[in-house]
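Novice: Take the sequence shown: its position 135, counting from 1, is numbered 147 in this note's numbering, and each next residue is one higher.
Backbone N, C-alpha and C fix where the C-beta goes; we use that ideal spot for every residue, glycine too.
A single structure is presented below for examination.
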Amino acid sequence: MHKILIAALATSLSTAAFAQSVDTFDPSEAVSNTPVVGEGFTTPTLVLFNQGPLTNGTNVSILDNNAPFLYNTLGFTGAGAFRLADDFTVPANQVWNIESIIVFGYQTGATSPTITGATMQIRNGAPPAGAVIFGNETTNIPATSTLSGAFRVTPTTLTATNRAIQAVRIPVAVTLTGGTYFIDFTTSGTGGGPFFPPVVPALTAPAPTGNALQLQTGVWNPLRMGLTTDPVGAPGTGPQQGLPFIVEGSFTIPAPAPSMNIFGMLALALTLLGAAWFAIRR
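Structure, rendered in C-alpha cells:
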C-alpha cells in the first residue's frame, strides 16, 4: 500500500515538475478536423469591460509562426500551479457590481465544452503586490463553459479543430469603485491544459497587446509570446500580451454631492452678515 502511495506521489510530482507554462506550436502535430459540438457562446448584454479581439480571421485566432515573427505560443497555461492575471479599469465616477468574469481557453482535442472549474481572485493592483479584495487561490468555483465558435490555429492549419476555444463564465460577486484592478485566476477541466490564447493583433503587424502576467514556479512573469528560439516552457522573449476577457455586471453613477452656486453663497453671506449685525446690536 505504501509503495502504491509513493509511486502515485512520485507520478504527480513528476507531472507538476514537467508541466509547461505554454502550449508550444509543433509543426509535426497531426491536425484534426473533427466537428465540435455544444451550445454556442453569446456575448452577454451586461458588459462592463470587453478586452479583445479574440480572433484575427473568420472564427479563428491565428498564431503567426511565419518569418520574421516566428512566434511559437498557441496558448498560456492557466491550470495547476500556473495562474494568469490581467487588468481592467473602473471609471472614477462609477461603481461596478460585478457578477461574472468570462475568460477564453481551450483543452487540446476537446470536441465539446470541458472546462468546469476555476479559482478567481480580484486584486487592487498587479500581483504579487496588489492586495486581494475578492476570492482566494483554493476555493473551486464551478464554471459554465460554452463554445465560443473560434479556434486557435496557425496560418497553415486554418481549418483545424484541435483547439476549440471555450468561453468560461466564472461567477463573481463584488462591488468596485473607480480604479485599476487585476483578475488572477486558474482553471480546471477534463483534458490537457487548459490553455489561454492571447489577444490577437493584426497578422501584418504583430505587437505587444497588453500587460498580462503568468505565475510560474511561484514567480509572476510578463505573459510573453515565445519565439521558436526560446527553450520549451520558458517565459519567452517576445512581446508582452494581453488576455481576452469580459467583465459582466451592472454599474451605478453616484449622485454628486450638493454644491452651492454663486447665488447660494451670496445668500449665505448675507444671512451671516445679518446675524452678526443683530448680535452686535444686542
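1) So for S26, helix, strand or coil by DSSP?
2) Mapping DSSP to helix, strand and coil, what is I274?
3) Are A155 and T199 touching if we call contact CB-CB under 8 Å?
4) By Cβ distance below 6 Å, which residues in the same chain neighbour A138 in space, the five residues on each side in sequence not counted?
5) Tell me which same chain residues have a C-beta within less than 8 Å of the C-beta of F197, skipping the five on either side of it?
6) Going by C-alpha distance, which of Q228, V211, L227 is nearest T220?
7) Could you name the residues that DSSP lists as bridge partners for E260?
8) Do the CB positions of V48 and L170 come within less than 8 Å of each other?
9) If you scan the stretch 129 to 205 from start to end, which runs of the beta strand (DSSP E) of 3 or more residues do you find wholly inside it?
10) Distance, Cα to Cα, T151 vs F257?
11) Report the rounded CA-to-CA distance for A104 versus T123, giving the unit in angstroms.
12) Check whether the Cβ atoms of G254 and A246 lie closer than 8 Å to each other.
13) If we ignore side chains and look at the alpha-carbon of each, how far apart do G69 and A143 end up?
14) Considering Cα atoms alone, identify which of V259, I274, G205 is closest to T57.
15) Use the C-beta contact count for I265: other C-beta atoms within 10 angstroms, 16 or more gives buried, fewer gives exposed.
16) What are the boundary residues of the beta strand (DSSP E) that S73 is part of?
17) Tell me the rounded alpha-carbon separation between P251 and A224.
18) Taking the C-alpha atoms as reference points, what is the distance between A28 and A267?
19) Can you name the start and end residues of the beta strand (DSSP E) that V231 belongs to?
20) With a threshold of 6 Å on Cβ separation, who are the neighbours of E111 within its own chain once the five nearest residues in sequence on each side are excluded?
21) Using a Cβ-Cβ cut-off of 6 Å (strictly less than) and excluding sequence neighbours within five positions of A172, which residues of its own chain qualify?
22) Starting from the C-beta of Q32, find all residues in its chain whose C-beta is less than 6 Å away, skip the five residues before and the five after it, and write them out in chain order.
23) For the beta strand (DSSP E) containing D98, list its first residue and its last residue.
24) With a CB to CB cut of under 6 Å and the five nearest residues on each side skipped, what residues in its chain are close to L188?
25) Considering just the uninterrupted stretch of the beta strand (DSSP E) at L82, what are its terminal residues?
26) Checking the sheet assignment: what are the DSSP bridge partners for G69?
27) Tell me whether the beta-carbon of Y118 lies closer than 8 Å to the beta-carbon of P234.
28) Quick check on this structure: which residue in I74, T240, E51 has the alpha carbon closest to the alpha carbon of T168?
29) Put L255 into one of helix, strand or coil per three-state DSSP.
Specialist: Per the coordinate set shown:
1) In the sequence shown, the residue the question calls residue 26 occupies position 14. Bear in mind that the predicted position of S26 carries a pLDDT of just 32, short of 50, making it unreliable; the figure below should be weighed with that in mind. Here S26 sits in helix by DSSP.
2) Counting from 1 along the sequence shown, the entry for residue 274 is found at position 262. I274 falls in the helix class under three-state DSSP.
3) For the purposes of this step, residue 155 is identified with residue 143 of the sequence shown, where counting begins at 1. For the purposes of this step, residue 199 is identified with residue 187 of the sequence shown, where counting begins at 1. Against a cut-off of 8 Å, the Cβ pair of T199 and A155 comes out as a contact.
4) The count along the sequence shown starts at 1 and reaches residue 138 at position 126. Once the five neighbours on either side are set aside, the close Cβ partners of A138 are F194.
5) Translated into the one-based positions of the sequence shown, residue 197 becomes position 185. So the qualifying residues of the chain are G90, R95, L96, A97, I113, V115, A130, T131, M132, Q133, I182.
6) Mapped onto the sequence shown, residue 220 falls at position 208. With the sequence shown as reference, residue 220 is identified as Pro, and Thr is not the correct amino acid for it. Of the residues Q228, V211, L227, the one whose Cα lies closest to the Cα of P220 is V211.
7) Locating residue 260 in the sequence shown gives position 248, counting from the first residue. Paired residue(s): V59, S112.
8) Counting from one through the sequence shown, the residue named residue 48 turns up at place 36. Counting from one through the sequence shown, the residue named residue 170 turns up at place 158. Contact annotation: V48 and L170 have beta-carbon atoms that are not nearer than 8 Å.
9) List check, beta strand (DSSP E) in window: 144 to 147, 156 to 165, 176 to 188, 191 to 201.
10) Within the sequence shown, numbered from 1, the residue matching residue 151 stands at position 139. Within the sequence shown, numbered from 1, the residue matching residue 257 stands at position 245. Distance from the CA atom of T151 to the CA atom of F257, rounded to whole angstroms, is 21 Å.
11) The residue given as residue 104 occupies position 92 in the sequence shown. The residue given as residue 123 occupies position 111 in the sequence shown. The alpha-carbon atoms of A104 and T123 are separated by roughly 43 Å.
12) Looking up residue 254 in the sequence shown gives position 242. Looking up residue 246 in the sequence shown gives position 234. With respect to the 8 Å criterion, G254 and A246 are not classified as neighbours on the basis of their beta carbons.
13) Taking the first residue of the sequence shown as 1, we reach residue 69 at position 57. Taking the first residue of the sequence shown as 1, we reach residue 143 at position 131. Cα to Cα, the separation comes out at about 38 Å.
14) The residue given as residue 57 occupies position 45 in the sequence shown. In terms of CA proximity to T57, V259 leads the group V259, I274, G205.
15) Your numbering for residue 265 matches position 253 in the sequence shown. By the neighbour-count rule (16 or more Cβ atoms within 10 Å), I265 is not buried but exposed.
16) On the sequence shown, position 61 is the one that residue 73 refers to. Taken as a continuous stretch (DSSP letters only), the beta strand (DSSP E) holding S73 covers 72 to 74.
17) Walking along the sequence shown from the start, residue 251 turns up at place 239. Walking along the sequence shown from the start, residue 224 turns up at place 212. Rounded to the nearest angstrom, the two C-alpha atoms are 11 Å apart.
18) Here residue 28 corresponds to residue number 16 of the sequence shown, with the count starting at 1. Here residue 267 corresponds to residue number 255 of the sequence shown, with the count starting at 1. Residue confidence for A28 is low, a pLDDT of 38 falling below 50, so the modelled location carries little weight; the figure read from the coordinates is stated next. Roughly 52 Å between the two C-alpha positions.
19) In the sequence shown, counting from the first residue as 1, residue 231 sits at position 219. Looking at the DSSP string, the run of the beta strand (DSSP E) that includes V231 is 231 to 234.
20) Your numbering for residue 111 matches position 99 in the sequence shown. Excluding sequence neighbours, E111 sits near E260, G261.
21) Residue mapping note: residue 172 aligns to position 160 of the sequence shown, counting from 1. Listed in chain order, the non-local C-beta contacts of A172 below 6 Å within the same chain comprise V43, V165, local neighbours out to five positions each way being set aside.
22) On the sequence shown, residue 32 is found 20 positions in, with the first residue counted as 1. G245, listed in sequence order.
23) Looking up residue 98 in the sequence shown gives position 86. Per DSSP, D98 is one residue of the beta strand (DSSP E) stretching across 95 to 102.
24) Working through the sequence shown from its first residue, we reach residue 188 at position 176. Counting only Cβ-Cβ distances below 6 Å, and skipping sequence neighbours, we find V102, W108.
25) The residue given as residue 82 occupies position 70 in the sequence shown. L82 -> no beta strand (DSSP E), and no H or E assigned at all.
26) Translated into the one-based positions of the sequence shown, residue 69 becomes position 57. DSSP lists V72 as partners of G69.
27) By 1-based counting over the sequence shown, the position of residue 118 is 106. By 1-based counting over the sequence shown, the position of residue 234 is 222. It is not a contact, given that the beta carbons lie outside the stated cut-off.
28) Locating residue 168 in the sequence shown gives position 156, counting from the first residue. The residue with the shortest Cα to Cα distance from T168 is I74.
29) To locate residue 255, count along the sequence shown from 1; it is residue 243. Of the three classes helix, strand and coil, the one that applies to L255 here is coil, per DSSP.
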